[in-house]
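Numbering (the working numbering), first residue to last: 0 to 521.
What follows is a single structure, written as structure tokens, with notes after it.
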Ligand SMILES: Cc1cc2nc3c(=O)[nH]c(=O)nc-3n(C[C@H](O)[C@H](O)[C@H](O)COP(=O)(O)O)c2cc1C
């Protein structure tokens, strides 16, 4: 497969009306991956459960108003992890129970692992730690022989692709990248709620990240973790000129998650093709759009409550509608702004634009709309999409939202989203139209495009909760049916992730249990 290209992976992993992307065919329950990685033999630090004490309001965060920075100590780091990658509830049905987390995941399979790299957090020895969400504990993986000085700390993310591939086969690589994007945004929101600045580092390459987190060390006895990214968390000031060196001493052995595995050659190829090399420079802070408060959410809740009550709806009622102002406010929160999470953490220009199928928004015609998140994309998008779209500017002057056609698109939404009713019974469904062309010249950006989609999804999940409705990410969609609906020509743009929000219908058979059923003193 020497001449395998990124477009081979992308085309082969598309769901098509007459054939879903290759998958395992059946679920091999005996090999279901363990959702929790542990490093056996590593020293554990049990973290306090303090998120209830955090007073930051969600409405302040979305306006870009952050509290004074909390001290860099173990208690605050514990809150950051609890509110980003921590468990938010357990669900039970009969004898079966499963954990939900603040960050969502395709199929609730949770391929994303979180790490902390620190030398300056009070109450925590310098080192590299793995976060074990189910116990809300850190496992000390690495330490340095000599003192390492850097201000702030790093959150590292890595993906265990096997967890998604077990269920979804070839398309799993994409889902891991979406999930990573959700996790990036979840960390950025939680950091802002503590008054801290978060920034994804653009320069480090995969090899450097893997060496720092220690995910290049495990032998074939455990499932591989692919390095994804590092987020720099600080009280302000510039990103570090240099990363700390890789630790010199390592502890712990990764647990094996399944007794047997299926190899997906296309995923191997995708990993290799989208590998990231070290870049010479951090990217400039380009998100300079002035911050203007956009509407207030219907529910005035604490940020901690919104982060932890975020859930995916499994069904919508087909009747709830929202006001146009509420929709405009949600869409406004997706626009890149340097002051507000999660876009303060994103070092690249916006390359993803939601194509929205509006079903039930008061005073707005049902129809197809496009939100152009980067003004430079307007002309190329107009040139690539169907020529007779209306392009009527809708909503507040500063919101780059355009009506393309007024039409009832509920059936189309259901069809495009693999016949899922949630896409039709909601207030809106959308596809995230990404500037795929940037990955043609720089294939690693295929991953970054999916991360941006995941971040958009996280914003829309939280905005839905704040508006009193509920949302669901949609990874199962017929790619080219969406492109046909848009009248898309060429391959410069591709829809990479779908999403929907509306009035949720809960499954009354499920019971909800607290996230951490043990008491832990601060
Ligand atoms: C990338 C991604 C793709 C998803 N795709 C679908 C989907 O196609 N259909 C669906 O009903 N839910 C989908 N979900 C929702 C997940 O099933 C849900 O996040 C997971 O079960 C965890 O539940 P929670 O979001 O309530 O924490 C998706 C979520 C993510 C993050």
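Ideal Cβ placement from N, Cα and C applies to all residues, glycine included.
Would you call residue i buried or exposed, if buried means 16 or more other Cβ atoms sit within 10 Å of its Cβ?
i: residue 493; result: buried
i: residue 275; result: buried
i: residue 97; result: exposed
i: residue 16; result: exposed
i: residue 13; result: buried
i: residue 261; result: exposed
i: residue 102; result: buried
i: residue 225; result: buried
i: residue 514; result: buried
i: residue 212; result: buried
i: residue 222; result: buried
i: residue 205; result: buried
i: residue 512; result: exposed
i: residue 392; result: exposed
i: residue 465; result: buried
i: residue 366; result: buried
i: residue 517; result: exposed
i: residue 478; result: buried
i: residue 129; result: buried
i: residue 191; result: buried
i: residue 263; result: buried
i: residue 396; result: exposed
i: residue 271; result: exposed
i: residue 4; result: exposed
i: residue 509; result: exposed
i: residue 383; result: buried
i: residue 335; result: buried
Specify, as a first and last residue, the run of the alpha helix (DSSP H) that residue i falls within.
i: residue 61; result: 57-61
i: residue 438; result: 436-440
i: residue 383; result: 377-383
i: residue 137; result: No alpha helix (DSSP H) holds residue 137; the beta strand (DSSP E) holding it covers 136-142.
i: residue 180; result: 171-192
i: residue 304; result: 302-308
i: residue 78; result: 73-81
i: residue 481; result: 478-485
i: residue 461; result: 444-465
i: residue 415; result: 409-415
i: residue 9; result: 5-11
By the DSSP assignment, the beta strand (DSSP E) with residue i in it spans what residues?
i: residue 127; result: 126-131
i: residue 152; result: 152-158
i: residue 53; result: Counting along the chain, residue 53 falls outside any beta strand (DSSP E), and DSSP gives it neither H nor E.
i: residue 553; result: Here the chain covers residues 0 to 521 and nothing more, so residue 553 does not appear.
i: residue 266; result: No beta strand (DSSP E) contains residue 266, which is instead part of the alpha helix (DSSP H) from 264-272.
i: residue 43; result: 42-45
i: residue 405; result: 400-405
i: residue 225; result: 225-233
Rounded to whole angstroms, how far is the Cβ of residue i from the Cβ of residue j, which I believe are closer than 8 Å?
i: residue 496; j: residue 431; result: 5 Å
i: residue 500; j: residue 519; result: With 8 Å as the limit, residue 500 and residue 519 do not qualify as a contact, their Cβ atoms being about 34 Å apart.
i: residue 265; j: residue 445; result: With 8 Å as the limit, residue 265 and residue 445 do not qualify as a contact, their Cβ atoms being about 13 Å apart.
i: residue 194; j: residue 69; result: 6 Å
i: residue 58; j: residue 379; result: 35 Å between Cβ atoms; not a contact.
i: residue 60; j: residue 325; result: Actually they do not touch by this definition, with Cβ atoms about 18 Å apart.
i: residue 116; j: residue 157; result: Their Cβ separation, rounded to whole angstroms, is 12 Å, which puts residue 116 and residue 157 out of contact at 8 Å.
i: residue 280; j: residue 139; result: Going by Cβ atoms, the distance from residue 280 to residue 139 rounds to 33 Å, so no, they are not a contact pair.
i: residue 30; j: residue 259; result: 5 Å
i: residue 36; j: residue 112; result: 6 Å
i: residue 44; j: residue 137; result: 4 Å
i: residue 331; j: residue 377; result: With a Cβ gap of about 17 Å, residue 331 and residue 377 do not count as contacting.
i: residue 83; j: residue 177; result: Not confirmed; about 16 Å, so no contact.
Looking at ligand 3, does it come within less than 7 Å of residue i, judged from the CB to the closest heavy atom?
i: residue 421; result: With respect to ligand 3, the structure shown offers nothing to examine, as its ligands consist of ligand 1.
Is the region 298-315 close to the region 44-53, with three or more CB pairs under 8 Å?
yes
Are the region 440-450 and the region 399-411 in contact at 8 Å, needing three or more beta carbon pairs?
no
Inter-stretch contact (C-beta, 8 Å, three-pair minimum) for the region 375-388 and the region 420-429:
no
Using a Cβ distance threshold of 8 Å, determine whether the region 310-324 contacts the region 480-490, with at least three qualifying pairs required.
no
contact_flag[the region 15-32, the region 241-249] where n(CB pairs < 8 Å) is 3 or more:
no
Report yes or no: do three or more beta-carbon pairs, one from the region 192-204 and one from the region 339-348, lie closer than 8 Å?
yes
The region 453-471 in contact with the region 172-183 per 3-pair CB rule at 8 Å:
yes
Any chance the region 355-374 sits against the region 88-97, with 3 or more Cβ pairs inside 8 Å?
no
Taking three-plus beta-carbon pairs below 8 Å as touching, is the region 140-160 in contact with the region 19-28?
no
I want to know whether the region 71-79 touches the region 315-328 - three or more CB-CB distances under 8 Å.
no
Do the region 159-179 and the region 133-146 meet, that is, are 3 or more Cβ pairs less than 8 Å apart?
no
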